[in-house]
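Inspection log for the structure reproduced underneath, given as structure tokens.
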Amino acid sequence: MRVIPRRRVDIYTVTDAHRPMSEDIDHRQRRYLVSMGIRTACFLLALFLTGHAPLWVVGVLIVGALVLPYVSVVFANGGREPESVAHFDERESPNRNEISGRPPEIQS
Numbered sequence: 000m001r002v003i004p005r006r007r008v009d010i011y012t013v014t015d016a017h018r019p020m021s022e023d024i025d026h027r028q029r030r031y032l033v034s035m036g037i038r039t040a041c042f043l044l045a046l047f048l049t050g051h052a053p054l055w056v057v058g059v060l061i062v063g064a065l066v067l068p069y070v071s072v073v074f075a076n077g078g079r080e081p082e083s084v085a086h087f088d089e090r091e092s093p094n095r096n097e098i099s100g101r102p103p104e105i106q107s
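So for the sequence shown, numbering that gives the first Met the number 0 puts the first residue at 0; every next one is plus one.
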């Protein structure tokens with residue numbers, strides 16, 4: 000009797016799914032808004048501290064206000080972040096034995 004090897008069937012579970020696109024967009028928008036808030040704070044602090052703080056402090060704040068928009072846009076448009084997916088499937092485990100014998104037949 001010749002044994003026909005069975006094909007391994009791919010099983011997809013809900014845990015393999017990525018986050019919804021709307022959730023990803025919300026996350027990127029929040030990160031962008033926080034960065035723009037920091038930029039605005041740098042600009043306003045540079046404006047108010049001019050003449051009252053050392054020149055290098057004002058310079059750092061101005062550079063921050065000029066560089067943050069570029070960095071924020073690059074990160075916001077970067078796309079989806081890679082996610083670590085939890086795997087509950089232990090098909091590859093070396094301790095598992097294959098089931099021998101014929102597969103059950105469907106009776107009608």
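No residue lacks a Cβ here, since even glycine has one placed at the ideal position from N, Cα and C.
For the pair residue 30 and residue 71, the Cα-to-Cα distance works out to about 8 angstroms. Here the alpha carbons of residue 40 and residue 34 stand approximately 10 angstroms from one another. In this structure, residue 60 lies near residue 44, with their beta-carbon atoms less than 8 angstroms apart. Listed in chain order, the non-local C-beta contacts of residue 67 below 8 angstroms within the same chain comprise 34, 35, 37, 38 and 41, local neighbours out to five positions each way being set aside. Residue 105 sits in coil when the DSSP states are folded into three classes, being neither helix nor strand.
DSSP places residue 63 inside the alpha helix (DSSP H), whose first and last residues are 54-75.
In this chain, the alpha helix (DSSP H) harbouring residue 36 covers 20-48.
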